[in-house]
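All remarks here apply to the structure that follows.
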Amino acid sequence: MSVRQTSAAPRNPPAPVPRATRLLPEQHLRTQSDFQTVRQAGRRHQCDAFTAWWLACPKPASIRPDRPLTSRPQANASLRLGVVASRAAVGNAVQRNRAKRRLRALFRLHQQKLPPDGDLLLVARRLLNGLPWAVLETRFADLCRRLGNAR
(Lines of atoms letter the chains of each structure in order from A and count residues from 1; the text may use other names and numbers.)
(Lines give C-alpha, C1' and ligand atoms only; values in the text may rest on other atoms or scores of the structure.)
Protein backbone atom coordinates (compact mmCIF):
# COMPACT_ATOMS: atom_id res chain seq x y z
CA MET A 1 0.00 0.00 0.00
CA SER A 2 1.44 3.36 -0.94
CA VAL A 3 1.58 6.48 1.19
CA ARG A 4 -1.07 8.11 -0.95
CA GLN A 5 -3.56 5.29 -0.36
CA THR A 6 -3.12 5.26 3.40
CA SER A 7 -3.58 9.02 3.74
CA ALA A 8 -6.87 8.91 1.83
CA ALA A 9 -8.78 7.21 4.63
CA PRO A 10 -12.53 7.78 4.51
CA ARG A 11 -13.70 10.65 6.67
CA ASN A 12 -16.79 10.77 8.79
CA PRO A 13 -19.35 13.14 7.32
CA PRO A 14 -20.00 16.25 9.43
CA ALA A 15 -22.93 16.11 11.78
CA PRO A 16 -26.04 17.79 10.38
CA VAL A 17 -26.79 21.25 11.70
CA PRO A 18 -29.90 21.26 13.91
CA ARG A 19 -32.87 22.89 12.16
CA ALA A 20 -33.21 25.53 14.88
CA THR A 21 -29.73 26.89 14.14
CA ARG A 22 -29.76 26.67 10.34
CA LEU A 23 -29.54 29.81 8.28
CA LEU A 24 -32.67 29.62 6.14
CA PRO A 25 -32.85 31.20 2.67
CA GLU A 26 -35.26 33.90 3.86
CA GLN A 27 -32.69 34.92 6.50
CA HIS A 28 -30.22 36.20 3.89
CA LEU A 29 -29.79 39.76 2.73
CA ARG A 30 -29.92 39.12 -1.00
CA THR A 31 -29.80 42.22 -3.15
CA GLN A 32 -27.37 45.09 -3.36
CA SER A 33 -30.18 47.44 -2.36
CA ASP A 34 -30.70 45.40 0.85
CA PHE A 35 -27.02 45.81 1.74
CA GLN A 36 -27.09 49.53 0.87
CA THR A 37 -30.23 50.14 2.93
CA VAL A 38 -28.67 48.54 6.01
CA ARG A 39 -25.43 50.52 5.58
CA GLN A 40 -27.19 53.84 4.99
CA ALA A 41 -30.04 53.64 7.49
CA GLY A 42 -28.60 51.23 10.07
CA ARG A 43 -26.52 51.83 13.17
CA ARG A 44 -22.84 50.87 13.12
CA HIS A 45 -21.16 48.89 15.89
CA GLN A 46 -17.44 48.16 15.69
CA CYS A 47 -14.96 45.81 17.27
CA ASP A 48 -11.48 44.79 16.16
CA ALA A 49 -12.70 41.61 14.41
CA PHE A 50 -15.74 42.87 12.51
CA THR A 51 -18.03 45.82 11.94
CA ALA A 52 -21.76 45.27 12.37
CA TRP A 53 -24.53 47.34 10.84
CA TRP A 54 -27.97 46.89 12.42
CA LEU A 55 -31.26 48.08 10.98
CA ALA A 56 -34.27 47.42 13.18
CA CYS A 57 -37.38 46.74 11.14
CA PRO A 58 -40.85 47.75 12.30
CA LYS A 59 -43.46 45.27 13.37
CA PRO A 60 -45.97 44.38 10.61
CA ALA A 61 -48.73 46.47 12.24
CA SER A 62 -46.63 49.64 11.99
CA ILE A 63 -45.67 49.20 8.33
CA ARG A 64 -47.31 51.64 5.98
CA PRO A 65 -47.76 50.23 2.47
CA ASP A 66 -46.96 53.59 0.87
CA ARG A 67 -43.59 53.84 2.68
CA PRO A 68 -41.70 50.53 2.73
CA LEU A 69 -38.44 50.68 4.69
CA THR A 70 -36.61 47.80 3.08
CA SER A 71 -37.03 45.47 0.16
CA ARG A 72 -38.06 42.61 2.39
CA PRO A 73 -39.87 39.80 0.58
CA GLN A 74 -42.56 39.72 3.25
CA ALA A 75 -43.56 42.17 5.94
CA ASN A 76 -43.37 39.63 8.76
CA ALA A 77 -39.90 38.30 7.91
CA SER A 78 -37.73 38.16 10.98
CA LEU A 79 -33.98 38.42 11.38
CA ARG A 80 -31.83 38.58 8.21
CA LEU A 81 -28.05 38.42 7.80
CA GLY A 82 -25.58 39.71 5.25
CA VAL A 83 -21.85 38.94 5.36
CA VAL A 84 -19.08 40.86 3.59
CA ALA A 85 -15.37 40.01 3.45
CA SER A 86 -13.40 42.12 1.00
CA ARG A 87 -10.03 41.25 -0.49
CA ALA A 88 -8.57 44.54 0.75
CA ALA A 89 -9.69 43.98 4.35
CA VAL A 90 -9.29 40.22 4.77
CA GLY A 91 -7.03 38.80 2.08
CA ASN A 92 -7.16 36.07 -0.53
CA ALA A 93 -10.15 33.86 -1.34
CA VAL A 94 -9.30 31.23 1.27
CA GLN A 95 -9.11 33.85 4.03
CA ARG A 96 -12.31 35.57 2.84
CA ASN A 97 -14.26 32.31 2.77
CA ARG A 98 -13.00 31.36 6.24
CA ALA A 99 -13.98 34.78 7.59
CA LYS A 100 -17.48 34.48 6.11
CA ARG A 101 -17.92 30.95 7.49
CA ARG A 102 -16.91 32.12 10.96
CA LEU A 103 -19.30 35.09 10.87
CA ARG A 104 -22.20 32.93 9.67
CA ALA A 105 -21.44 30.39 12.41
CA LEU A 106 -21.46 33.14 15.06
CA PHE A 107 -24.83 34.32 13.81
CA ARG A 108 -26.31 30.81 13.69
CA LEU A 109 -25.20 29.98 17.22
CA HIS A 110 -26.27 33.28 18.80
CA GLN A 111 -29.21 34.49 16.71
CA GLN A 112 -31.64 33.88 19.58
CA LYS A 113 -29.80 36.62 21.56
CA LEU A 114 -30.46 39.24 18.87
CA PRO A 115 -33.61 41.37 18.67
CA PRO A 116 -36.23 39.45 16.66
CA ASP A 117 -36.91 41.87 13.79
CA GLY A 118 -34.07 43.44 11.87
CA ASP A 119 -31.28 43.19 9.36
CA LEU A 120 -27.69 42.55 10.44
CA LEU A 121 -24.74 43.17 8.14
CA LEU A 122 -21.39 41.81 9.34
CA VAL A 123 -18.24 43.13 7.65
CA ALA A 124 -15.09 41.12 8.35
CA ARG A 125 -11.81 42.77 9.33
CA ARG A 126 -8.32 41.38 8.94
CA LEU A 127 -8.01 40.38 12.62
CA LEU A 128 -11.09 38.12 12.45
CA ASN A 129 -9.26 35.00 11.24
CA GLY A 130 -6.46 35.42 13.78
CA LEU A 131 -8.68 35.45 16.86
CA PRO A 132 -9.60 32.29 18.78
CA TRP A 133 -13.21 31.18 18.54
CA ALA A 134 -13.92 31.91 22.22
CA VAL A 135 -12.85 35.55 21.77
CA LEU A 136 -15.07 35.91 18.70
CA GLU A 137 -18.02 34.51 20.62
CA THR A 138 -17.40 37.02 23.41
CA ARG A 139 -17.27 39.91 20.93
CA PHE A 140 -20.46 38.75 19.22
CA ALA A 141 -22.21 38.32 22.58
CA ASP A 142 -21.24 41.92 23.43
CA LEU A 143 -22.76 43.02 20.13
CA CYS A 144 -25.97 41.12 20.86
CA ARG A 145 -26.19 42.77 24.28
CA ARG A 146 -25.68 46.25 22.79
CA LEU A 147 -28.33 45.63 20.14
CA GLY A 148 -30.75 44.30 22.75
CA ASN A 149 -30.29 47.42 24.89
CA ALA A 150 -30.74 49.74 21.90
CA ARG A 151 -34.34 48.64 21.29
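The sequence shown begins at 1 in the UniProt record's numbering and counts up by one.
Using N, Cα and C, we set each Cβ at its ideal position, and we do this for glycine too.
Going by other Cβ atoms of all chains shown within 10 Å of its Cβ, with 16 needed for buried, is residue i buried or exposed?
i, result
"G148", "exposed"
"L109", "exposed"
"G130", "exposed"
"A99", "buried"
"R145", "exposed"
"V94", "exposed"
"T37", "buried"
"R102", "buried"
"D48", "exposed"
"A52", "buried"
"R96", "buried"
"T70", "No answer about T70 holds up, because its pLDDT of 49 lies below 50 and its placement is not dependable."
"P116", "exposed"
"F140", "buried"
Please name the residue in the options whose C-alpha comes closest to that of residue i.
i, options, result
"R43", "W54, S33 and L136", "W54"
"L23", "R80, V94, Q95 and K113", "R80"
"D142", "H28, L114 and G118", "L114"
"V90", "P132, F50 and H45", "F50"
"A41", "Q111, F107, L120 and L106", "L120"
"L29", "R104, P132 and A88", "R104"
"A56", "G118, Q46 and V135", "G118"
Using the DSSP secondary-structure output, state which residues sit across from residue i in a beta bridge.
i, result
"R44", "W53"
"L121", "W53 and G82"
"H28", "L81"
Can you tell me whether residue i is helix, strand or coil according to DSSP?
i, result
"A88", "coil"
"L103", "helix"
"L128", "helix"
"R22", "coil"
"R72", "A caution first: R72 carries a pLDDT of 48, below 50, which makes its placement in the model unreliable, though a value can still be read off. Correct three-state label for R72: coil."
"L114", "coil"
"D142", "helix"
**OP:** Count the CB pairs spanning the segment 112–126 and the segment 82–96 that are closer than 8 Å, and state whether there are at least three.
**Re:** yes
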